[in-house]
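Here the structure is laid out as structure tokens; the discussion comes afterwards.
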Amino acid sequence: MAPTRRLAPDFYRQDTLTVARALLGMHLVRRIDGERRVGRIVETEAYLGPEDRAAHSWGGRTPRTEVMFGPPGRAYVYLIYGLWNCLNLVTAAEGTPHAVLLRALEPIRALPGRTSGPGLLCRAMDIDRRLNGAELSGPDLWIERPVRPAPVRIGRSARIGVDYAGDWARRPWRFFDRDSPFVSGRRSASGRR
DNA sequence: GGCACGATTGCT
DNA sequence: GCAATCGTGCCT
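Okay, structure coming up:
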């Protein structure tokens, strides 16, 4: 029997910046009513709370951030601007509230609408807070290695939309596939491709 | 209990 | 440039 391509919890337990880079090129899979929606991850951001001023877990544990303090390999989904859901993957050791935000997908299979940008990604994948805390080893949502992984030319830049975070906003903790047209495009903040 | 604001997006 | 829209966290 072929080894599973699904990433195991140990993958997410690694250093968060390592995970954020390694996720590029992986496939995000969502199962809905027996159908599989698949997207190739082309853009991520690392959040290293509680020290990281830009992270939701900055300053400590709250009901919202609770899942990030738990074991790695779970989904952290939050609602932003009352309109959009954003999907994060909990990383690093239990008790370390780190996460990686998924910002863009290249459509592979059964993805309706646009997938560039964290809110649009979740809409296309039908991801909302019902999946907050879900284990990525479960039946609804996971990440797997593609059958034929292609090398990725990785670009990096400051994270988007966190200008309030002072020095932390300048950390180059956004990673993306330099060759993908599906990377979200916020002209100035995104830096060069 | 009230209130300001956000790891966004799309329209003016 | 700014409205949409509501959960969260802090305060008043």
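Residue numbers (this note's numbering): 12 to 204.
All C-beta atoms in this analysis are idealised placements derived from N, C-alpha and C, irrespective of residue type, glycine included.
Can you give the Cα-Cα distance for Leu142 and Leu132, rounded to whole angstroms?
Answer to the nearest angstrom: the Cα atoms are 14 Å apart.
Looking at the structure shown, is Trp153 part of a helix, part of a strand, or coil, going by DSSP?
Trp153: strand per DSSP, three-state reduction.
So, is Leu94 buried or exposed, given that buried needs 16 or more other C-beta atoms within 10 angstroms?
With fewer than 16 Cβ atoms within 10 Å of its Cβ, Leu94 is classed as exposed.
Near Leu112, which residues of its chain fall below 7 Å by C-beta distance, leaving aside the five closest residues on each side in sequence?
So the qualifying residues of the chain are Thr55, Glu56, Tyr58, Cys97, Asn99 and Pro129.
Rounded to a whole number of angstroms, what is the C-alpha to C-alpha distance between Gly177 and Ala31?
Taking the straight line joining both Cα atoms gives about 22 Å.
Cut-off 6 Å between Cβ atoms - residues of its own chain near His109, not counting five sequence neighbours on either side:
Scanning its chain for C-beta atoms nearer than 6 Å, with the 5 sequence neighbours on each side dropped, one finds around His109 the residues Thr27, Leu59, Thr102 and Ala103, in chain order.
Should Phe22 be listed as close to the ligand PLP, given that the test is whether its C-beta is under 7 Å from any heavy atom?
Absence of the ligand PLP is noted for the structure shown, with no ligands found whatsoever.
Return the bridge partner residues of Val173 from the DSSP annotation.
Val173 pairs with nothing; no bridge assigned.
Give me, in chain order, the residues of the same chain whose beta-carbon lies closer than 6 Å to that of Gly18; leave out the 5 immediate sequence neighbours on both sides.
According to the sequence as given, residue 18 is Leu; it is not Gly. If the five residues before and after Leu18 are omitted, its C-beta is found closer than 6 Å to the C-beta atoms of Ile154, all from its own chain and listed in chain order.
Which residues in the same chain as Asp137 place their Cβ atom closer than 8 Å to its Cβ, once the five residues preceding and following it in sequence are excluded?
Its chain contains Arg41, Ile43 and Arg48 as the residues whose beta carbon lies nearer than 8 Å to that of Asp137, once the 5 sequence neighbours on both sides are disregarded; these appear in chain order.
Could you tell me the distance, in whole angstroms, from the CA atom of Gly149 to the CA atom of Arg167?
Between the alpha carbons of Gly149 and Arg167 lies a distance of about 31 Å.
Between the alpha carbons of Asp139 and Thr107, how many angstroms are there, rounded?
Approximately 24 Å between the Cα atoms of the pair.
Identify whether Ala180 lies in helix, strand or coil by the three-state DSSP scheme.
Helix.
Do you know how far the Cα of Ala65 is from the Cα of Phe80?
For Phe80 and Ala65, the distance between alpha carbons rounds to 16 Å.
Pair within 8 Å by beta-carbon distance, Arg156 and Met12
No, Cβ-Cβ distance for Arg156 and Met12 is not below 8 Å.
At which residues does the alpha helix (DSSP H) containing Gly130 begin and terminate?
In this chain, the alpha helix (DSSP H) harbouring Gly130 covers Pro129 to Met136.
I need the boundaries of the alpha helix (DSSP H) containing Thr55, first residue and last residue.
Looking at the DSSP string, Thr55 is not in any alpha helix (DSSP H); the run it does join, the beta strand (DSSP E), is Glu46 to Leu59.
Cβ-Cβ distance between Asp188 and Arg170 below 8 Å:
Cβ distance not < 8 Å, so Asp188 and Arg170 don't count as in contact.
Identify, in the order they occur along the chain, each residue of the same chain with its Cβ nearer than 7 Å to the Cβ of Ala33, setting aside the five sequence neighbours on each side.
Cβ neighbours of Ala33 within its own chain (closer than 7 Å, five residues either side excluded): none.
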